[in-house]
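One structure is given below, encoded as C-alpha cells.
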Amino acid sequence: MIHVEAVSIRLDGTVWPIRDVAPESQEISLGELPVLGSGVFTPMGSLLLISIGASIAGIEEFTGLPSGALAGLGHDPVAGAATRADVYMEAGQTISFDWMFDNYDATQRDDSAYVVLDGSPIALANGQDADDPGSAGWVHGSFTVAATGMHSLAFIVADGMADNGNVPRLFINHVVIA
42 MIHVEAVSIR
52 LDGTVWPIRD
62 VAPESQEISL
72 GELPVLGSGV
82 FTPMGSLLLI
92 SIGASIAGIE
102 EFTGLPSGAL
112 AGLGHDPVAG
122 AATRADVYME
132 AGQTISFDWM
142 FDNYDATQRD
152 DSAYVVLDGS
162 PIALANGQDA
172 DDPGSAGWVH
182 GSFTVAATGM
192 HSLAFIVADG
202 MADNGNVPRL
212 FINHVVIA
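As numbered in the numbering used here, residues 42 to 219 make up the sequence shown, in order.
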C-alpha cells in the first residue's frame with residue numbers, strides 16, 4: 042500500500058485531489074450510488090453530476106426534500122441531477138467529502154450545488170457568487186452527526202436557466218465516514 046498525504050494531480054487542466062483513507066474509516070463507493078439525471082463515474086474516481094435529465098420536482102422527491110425546497114433557497118432552478126446514499130453512522134462520526142462546482146459558463150449564472158444531510162439542504166456553491174465565473178475549485182466539506190442510526194446524504198447540481206448546453210457540473214470525490 043502506498044501512503045499518500047495531501048497530494049493532487051493535474052489532468053487536462055483540472056486539479057484532482059488525492060487523499061488517503063485511514064484504516065478505521067469507510068469510503069463510500071461513488072460508482073454504486075443511484076443517480077437521477079446525468080452522472081458519470083470519472084477515471085479519477087469522482088462522480089460527475091451534469092445538470093440535465095431530471096426535473097427539480099423529481100430531484101426534490103428523490104432526495105427527500107419537500108416540494109419547492111430548492112426554489113425556497115433563493116434560486117429558481119429549472120433542471121438538474123442528484124445522487125444519494127443512506128448510511129449508518131454512530132453519534133459523533135463525521136462524513137467528509139471533496140467537491141468542485143463548475144457552472145460551465147463564461148459568465149456568472151444562477152446555477153447551484155447543494156448537499157442534503159437528513160433532509161436539510163445546504164448550499165455548496167452558486168454560479169453568481171463564484172469569484173471565477175465557472176469553477177469554485179476543489180473544496181473539502183464535512184458534517185458530524187449527533188445521533189446513531191441511518192442518515193441520508195444527497196448531492197444536487199441545478200441549472201438556473203435553460204441555456205442550451207451550458208449546464209453546471211458537480212464533481213464529488215472521497216466521501217468518507219470516520
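The beta carbon of each residue, even a glycine, is placed where N, CA and C say it ideally should be.
The structure displayed is predicted, hence computed values, not measured ones.
CB contact flag (residue i, residue j, <7 Å)
i           : j           : result
residue 87  : residue 122 : no
residue 153 : residue 199 : yes
residue 132 : residue 219 : no
residue 106 : residue 158 : no
residue 66  : residue 217 : yes
Simplified DSSP state of residue i, which is helix, strand or coil
i           : result
residue 101 : helix
residue 71  : helix
residue 182 : strand
residue 162 : strand
residue 168 : coil
Cβ-based burial, residue i [other Cβ within 10 Å; buried from 16]
i           : result
residue 215 : buried
residue 129 : exposed
residue 124 : buried
residue 101 : buried
residue 118 : buried
residue 92  : buried
Pairwise C-alpha distance: residue j and residue i
i           : j           : result
residue 143 : residue 212 : 8 Å
residue 98  : residue 108 : 6 Å
residue 181 : residue 141 : 9 Å
residue 82  : residue 197 : 15 Å
residue 136 : residue 202 : 32 Å
residue 161 : residue 190 : 16 Å
residue 145 : residue 110 : 24 Å
Any chain C beta carbon closer than 7 Å to residue i
i           : result
residue 188 : Considering every chain present, this structure includes no chain C. It has just one protein chain.
Near the ligand ATP: residue i beta-carbon under 6 Å from a heavy atom
i           : result
residue 104 : Ligands in the displayed structure: none, and consequently the ligand ATP is not present.
Practice prompt. Identify every run of the alpha helix (DSSP H) within the segment 88-144, keeping only runs that are complete inside it and at least 4 residues long; order them along the chain.
Written response: Fully enclosed alpha helix (DSSP H) runs of 4 or longer: 97-104.
Worksheet entry | Ordered list of beta strand (DSSP E) runs contained in the segment 185-212, each at least 3 residues | Counting whole runs of 3 or more residues, the segment 185-212 contains the beta strand (DSSP E) stretches 190-200.
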